[in-house]
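**Q** Going by my numbering, the sequence shown opens with residue -5, and the numbers climb by one from there.
Glycine included, C-beta positions come from ideal geometry on N, C-alpha and C.
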Amino acid sequence: MIKLILPYIETKRLILRAIKRSDATDVFEYAKLPNVGPKAGWEPHKQIEETHEFINYSIKKTDFGQPGLFAIIHKASSKLIGTIEIHSYKEYKGEIGFVLHPKFWNQGLITEASKAVIIYGMEILNLRRLEYCHFDDNIQSKRVCEKLEFTFEGILRNKYLLYDGTVLDDITYSIISEDYFNNKISWVKSFKKDLFIDY
Ligand SMILES: CC(C)(COP(=O)(O)OP(=O)(O)OC[C@H]1O[C@@H](n2cnc3c(N)ncnc32)[C@H](O)[C@@H]1OP(=O)(O)O)[C@@H](O)C(=O)NCCC(=O)NCCS
């Protein structure tokens, strides 16, 4: 198995780089909030030890062929404001997942980070399929998905078992390599003007 190396990525307003153990304080700042983790399927962190465990687990996943977790750094404030990753990676496919500190919501920042990660997924990981899933009530996530031009595929009923025992439907979308390389995703060309990827 080849161990993947996460690239260093810069967009107009963000830096994406591999998560580090020393990022725990910044991650805990939003991971403890009640309106963040549950929307993505995980329980808010009660203590910083849980954040340390989460970061260790994310770093360890690269030992098992996963690309790993990007920290999202806001250039203007030099602050870690969220994370983004391609998880459930299997050489030809993966699923994009992300989370952002609420102080930075609604500025287009996850859309910007996701565009960079989609380009990385399609052009460096050579994915044939990138999935995107959200719960029914996650309006922001649905909107991000529309802006990224994912194609709606369907509702996977009772797909997700939440930490509190609730079973939820997953609304599922994808971008496939044919969409991407046949120029069906309209933002790619212009976004690349402000993109730097060091691999
Ligand atoms: C989902 C999340 C990452 C979005 O990050 P973000 O940087 O705020 O996203 P963007 O700014 O790129 O886009 C958000 C869009 O939702 C829209 N939006 C926000 N609240 C809304 C509401 N109540 N109703 C309708 N639209 C809403 C915004 O207006 C924006 O759309 P626009 O650019 O057309 O105006 C962030 O809300 C988050 O971290 N949520 C908790 C974790 C989570 O849900 N992760 C994803 C799991 S699938």
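1) Taking the beta carbon of P96 as the centre, do at least 16 other beta carbons fall within 10 Å, making it buried, or is it exposed?
2) Hey, I191 and Y114: beta-carbon distance below 8 Å or not?
3) Would you mind listing the beta strand (DSSP E) stretches within the segment 108 to 193 that are 3+ residues and don't spill past its ends, in chain order?
4) With a cut-off of 8 Å on the beta carbons, I'd call D173 and F129 a contact; round off their distance for me.
5) I want to know whether the segment 86 to 100 touches the segment 29 to 46 - three or more CB-CB distances under 8 Å.
6) Once DSSP output is grouped into helix, strand and coil, what is the label at L27?
7) Identify which residue in A25, E147, N176 and R11 has its Cα closest to the Cα of H68.
8) Can you grab the Cα-Cα spacing for the pair I277 / I112, in whole Å?
9) With a threshold of 7 Å (Cβ to nearest heavy atom), would A34 be considered close to ligand 1?
10) Taking buried to mean at least 16 other C-beta atoms within 10 Å of its own C-beta, is M116 buried or exposed?
11) Can you grab the Cα-Cα spacing for the pair K55 / K187, in whole Å?
**A** Based on what the coordinates show:
1) P96 comes out exposed.
2) yes
3) 123 to 128, 145 to 155, 161 to 170 and 190 to 192
4) Rounded, the Cβ-Cβ distance is 24 Å, inconsistent with contact.
5) yes
6) L27: coil per DSSP, three-state reduction.
7) R11
8) As displayed, the chain neither begins before -5 nor continues past 193, which places residue 277 out of reach and without an answer.
9) yes
10) Buried.
11) 32 Å
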